[in-house]
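Those letters in the sequence shown? Residues 1 to 194, per our numbering, in order.
By construction, the Cβ of each residue, glycine as well, lies at the ideal position given by its N, Cα and C atoms.
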Amino acid sequence: MVKLGLQLYPPGYTPKYTLISQHMGDDDDLLIPAGQHSVRTDGYTLLTEPAVVTAFQPHLHTRGQAQCIEAIIPQTDEEGNVLKRAPGPYGAAPLMEQVTLNCVPKWYFNWHLVYNYAEHAAPVLPAGTVIHVSTWHDNSESLRVNPDPRNNVVYGQRTIDEMSFAWVSYYYIDEAEYKARVAARNARNSNDQQ
Numbered sequence: 001m002v003k004l005g006l007q008l009y010p011p012g013y014t015p016k017y018t019l020i021s022q023h024m025g026d027d028d029d030l031l032i033p034a035g036q037h038s039v040r041t042d043g044y045t046l047l048t049e050p051a052v053v054t055a056f057q058p059h060l061h062t063r064g065q066a067q068c069i070e071a072i073i074p075q076t077d078e079e080g081n082v083l084k085r086a087p088g089p090y091g092a093a094p095l096m097e098q099v100t101l102n103c104v105p106k107w108y109f110n111w112h113l114v115y116n117y118a119e120h121a122a123p124v125l126p127a128g129t130v131i132h133v134s135t136w137h138d139n140s141e142s143l144r145v146n147p148d149p150r151n152n153v154v155y156g157q158r159t160i161d162e163m164s165f166a167w168v169s170y171y172y173i174d175e176a177e178y179k180a181r182v183a184a185r186n187a188r189n190s191n192d193q194q
């Protein structure tokens, strides 16, 4: 027996957060040459406000090989204030660091898994973070499920075409909540190391 339930918010209720699920790293100009292995594509998405990432799901077709998602993050101090470089000709640019958020090294088309973060481990990212999605495809004869390695493959809706993006779920938070979450996480990490 299967039980199914549906719960709606009461009239007039406004949730604290609005979850957004968005394509990130799209490459509509995708071209995977015939016979090639480990063809890499990259895509970038800017987060304009502080955000909490809750989940990641690669989306590729049969020639998908691997996908990684990283955050290019403006560096902050312990209170969450963005650190800047010395002013240059275009003003003071933020110091940036790259952090891998998730990586699926062996993509399998028949299993479109969503990788959900535990609440205490969900990435908390400052405004100005760039989400970078790196994707690899295999259009070689060695890929047993390749429909036809003799042909170039482009972006498309059909299974014999390819796609190259990630579904990323996140919600925005305000600057005060971002700083509070950073401080709480730093305190917890400090306690864990003692």
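- Apart from sequence neighbours up to five positions away, the residues of its chain that approach residue 114 with a beta-carbon distance below 7 Å are 55, 57, ordered along the chain.
- When the beta-carbon positions are compared, residue 122 and residue 53 come within less than 7 Å of each other.
- Residue environment: residue 1 is assigned as exposed (fewer than 16 neighbouring CB atoms within 10 Å of its CB, all protein chains considered).
- With contacts defined as CB atoms closer than 7 Å, residue 61 and residue 163 qualify as a contacting pair.
- A distance below 7 Å separates the beta carbons of residue 102 and residue 69.
- Residue 64: member of the beta strand (DSSP E) spanning 64-74, first to last residue.
- In this model, residue 97 and residue 182 are separated by some 16 Å (Cα to Cα).
- Residue 117 sits in coil when the DSSP states are folded into three classes, being neither helix nor strand.
- For residue 145, the three-state secondary structure derived from DSSP is coil.
- By DSSP's assignment, residue 155 forms a beta bridge with 162.
- The alpha-carbon of residue 11 is positioned some 42 Å away from that of residue 77.
- For residue 134, the enclosing beta strand (DSSP E) stretches over residues 130-137.
- Judged by their CB atoms, residue 111 and residue 66 are not nearer to each other than the 7 Å cut-off.
- Taking 7 Å as the cut-off, the beta carbon of residue 138 is found closer than this to the beta carbon of residue 63.
- A residue is called buried when at least 16 other Cβ atoms come within 10 angstroms of its Cβ; residue 166 meets this threshold and is buried.
- The shortest C-alpha to C-alpha distance from residue 108 to any of 129, 127, 146 is the one to 146.
- Inter-residue distance for residue 71 and residue 20 is about 17 Å (C-alpha atoms, whole angstroms).
- At a Cβ-Cβ threshold of 7 Å, residue 51 and residue 172 count as neighbours.
- Residues of the same chain with a CB within less than 7 Å of the CB of residue 159, apart from the 5 flanking positions on each side, are 61, 62 in chain order.
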